[in-house]
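Please read the structure below before turning to the comments.
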Amino acid sequence: MLNQVIIVGRLVKDPEVKTTSDEKKVSHITLAVNRSYKNNETGKYDTDFIYCTLWEGVAQATANHCKKGSIIGIKGRLITKSIEIDTNKKINYPDLIAERVTFISSGKDHSQKELGNNLQSN
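Heads up: the sequence shown begins at 0 in numbering that gives the first Met the number 0, then just goes up one per residue.
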């Protein structure tokens, strides 16, 4: 079976790198991705917001080179996470685990950089 996702979108906010209790670097970002077709009711393009997790070198490189509004591409895999809201209520949500990030545009710089070439992710 295959679990591979490639997505391109804009960063919703500046990426931040945090360190876990076992000293691993992690960044949680959200990409805004416009759909390729218009909504029949509104006549506008809908936007999906994709939650992504970046680890170690990929997380650090993305934080160093990208900011809110930057267009990036992510290649990775989907996992399902869950959070407990109430004692009887659990919500599942998809999380895109980034294996490679491509920096496409920041608005001022239109150069393209690959940020995950030799970086390993968890």
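Virtual Cβ for every residue (Gly too), placed ideally from N, Cα, C.
Here the structure is a predicted model, which is why all the values come from computation and not from measurement.
Starting from Ala-31, follow its DSSP beta bridges and name the residues at the other end.
By one-based count along the sequence shown, residue 31 stands at place 32. Paired residues: Arg-9, Phe-48.
Among Val-4, Thr-79, Leu-1, whose alpha-carbon lies nearest the alpha-carbon of Asp-94?
Working through the sequence shown from its first residue, we reach residue 94 at position 95. The shortest Cα separation from Asp-94 among Val-4, Thr-79, Leu-1 belongs to Thr-79.
Where does Met-0 land, buried or exposed, given buried means 16+ other C-beta within 10 angstroms?
Looking up residue 0 in the sequence shown gives position 1. The residue in question, Met-0, is exposed, as its Cβ has fewer than 16 Cβ neighbours within 10 Å.
If we ignore side chains and look at the alpha-carbon of each, how far apart do Tyr-92 and Asp-45 end up?
Translated into the one-based positions of the sequence shown, residue 92 becomes position 93. Translated into the one-based positions of the sequence shown, residue 45 becomes position 46. One C-alpha to the other measures close to 19 angstroms.
To the nearest angstrom, report how far apart Lys-23 and Asn-39 are at their CA atoms.
Along the sequence shown, one-based indexing puts residue 23 at 24. Along the sequence shown, one-based indexing puts residue 39 at 40. If you take the alpha carbons of Lys-23 and Asn-39, they lie about 45 angstroms apart.
Could you pull out every residue in the same chain whose Cβ sits closer than 6 angstroms to the Cβ of Gly-8, ignoring the five residues on either side in sequence?
If you number the sequence shown from 1, residue 8 lands on position 9. Hits under 6 angstroms: Leu-30, Ala-31, Val-32.
Three-state secondary structure (DSSP) at Thr-18?
On the sequence shown, residue 18 is found 19 positions in, with the first residue counted as 1. In the structure shown, Thr-18 sits in a strand (DSSP, three-state: E or B).
Taking the continuous beta strand (DSSP E) assigned at Thr-61, which residues delimit it?
The residue given as residue 61 occupies position 62 in the sequence shown. Looking at the DSSP string, Thr-61 is not in any beta strand (DSSP E); the run it does join, the alpha helix (DSSP H), is 55-64.
Pick out whichever of Val-11, Arg-34, Gly-68 has its Cα sitting closest to the Cα of His-27.
In the sequence shown, counting from the first residue as 1, residue 27 sits at position 28. The option with the nearest alpha carbon to His-27 is Val-11.
Where are the beta strand (DSSP E) runs, 3 residues long or more, that stay fully inside the segment 85-110, in chain order?
The segment 85-110 contains these whole beta strand (DSSP E) runs: 88-104.
Less than 8 angstroms between the CB atoms is what I'm expecting for Asn-2 and Leu-53, so what's the real figure, rounded?
Here residue 2 refers to the residue found at position 3 when the sequence shown is read from its first residue. Here residue 53 refers to the residue found at position 54 when the sequence shown is read from its first residue. Contact flag wrong, Cβ pair sits at about 17 angstroms.
Straight-line CA distance for Ser-110 to Phe-102?
Here residue 110 refers to the residue found at position 111 of the sequence shown. Here residue 102 refers to the residue found at position 103 of the sequence shown. Any answer about Ser-110 is weak, because its pLDDT of 49 lies below 50 and its placement is not dependable; what the coordinates show is given next. Their Cα atoms are separated by approximately 8 angstroms.
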